[in-house]
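Residue numbers (my numbering): 126 to 382.
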């Protein structure tokens, strides 16, 4: 009888430890394959293309990306290749935006995955200049805070070794200006979300209106990833353990970076 009770106690202890351990999911320490690819909560028009340095979900209704996602490493954040030249994407089915649609519109061909992240490879540089990686951006945004956030992401990649990035357009209004023969939709705003893994995983989001914003800095555009998800309808970093995803996506703190 004593032997039976002893074995029973051991079984209960083992079961308790197993149940407790199931809730204590450790933070991811290294690569989380495909963690940068978002999941849409809504039905969207899309063609997925996997480039050397990024993945694009292209929307044939808006003639621009739904989102572009990539992993930026310390090695890829540095490079010496010169900027590429804009190219129409012959590999993407129509309808789609082209270089000519932007002619004399006053809008920049705004990179989603930026040239500065692709100076490590000529192929990567060429592909980041495909028009299917572009959205209409005001020059003030493209050369201002958007560029500042891009530079910050490269600094974080160098500091932490690797970051995961997703960005794309946001449509807030019912009516939008459309550019050129192909009627490329001008977004109201843009989002960017960034994740780092490791012992102290963190995520942060930015939302930038597609207009001239004077006297503002990066910190003025910071949002939690949860808020970006609410506005865009995407589920970001869904391959993280649920407890980690919930924790990092609730924060909007540049000080943690």
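Heads up, the beta-carbon is just placed ideally off N, CA and C, and yes, glycines get one too.
- The three-state secondary structure of residue 344, taken from DSSP, is helix.
- With contacts defined as CB atoms closer than 7 Å, residue 358 and residue 166 qualify as a contacting pair.
- When the five nearest sequence neighbours on each side are left out, the beta carbons in the same chain lying within less than 7 Å of the beta carbon of residue 277 are those of 343, in order along the chain.
- When the five nearest sequence neighbours on each side are left out, the beta carbons in the same chain lying within less than 7 Å of the beta carbon of residue 208 are those of 240, in order along the chain.
- In this structure the region 316-332 touches the region 370-379; the number of beta carbon pairs closer than 8 Å is three or more.
- Our two residues, residue 218 and residue 176, have alpha carbons roughly 15 Å apart in a direct line.
- The shortest CA-to-CA distance from residue 227 to any of 256, 169 and 266 is the one to 256.
- If you compare the alpha carbons of 283, 188 and 361 with that of residue 382, the shortest gap goes to 283.
- Under DSSP, residue 358 forms no beta bridge with any residue.
- About 14 Å separates the CB atoms of residue 298 and residue 315; that is not less than 8 Å, and the two are not in contact.
- By the neighbour-count definition (other C-beta atoms within 10 Å, threshold 16), residue 173 is an exposed residue.
- Positions of the beta strand (DSSP E) runs, each at least 3 residues long and wholly inside the region 252-309, are given as 259-262 and 287-295 in order along the chain.
- Under DSSP, residue 316 takes part in a beta bridge, and its partners are 293 and 332.
- Under the DSSP definition of a beta bridge, residue 192 partners with 182.
- Assigned with DSSP and collapsed to three states, residue 204 falls in coil, not helix or strand.
- In the DSSP assignment, the residues bridged to residue 233 are 262.
- Here DSSP, grouped into helix, strand and coil, assigns residue 225 to helix.
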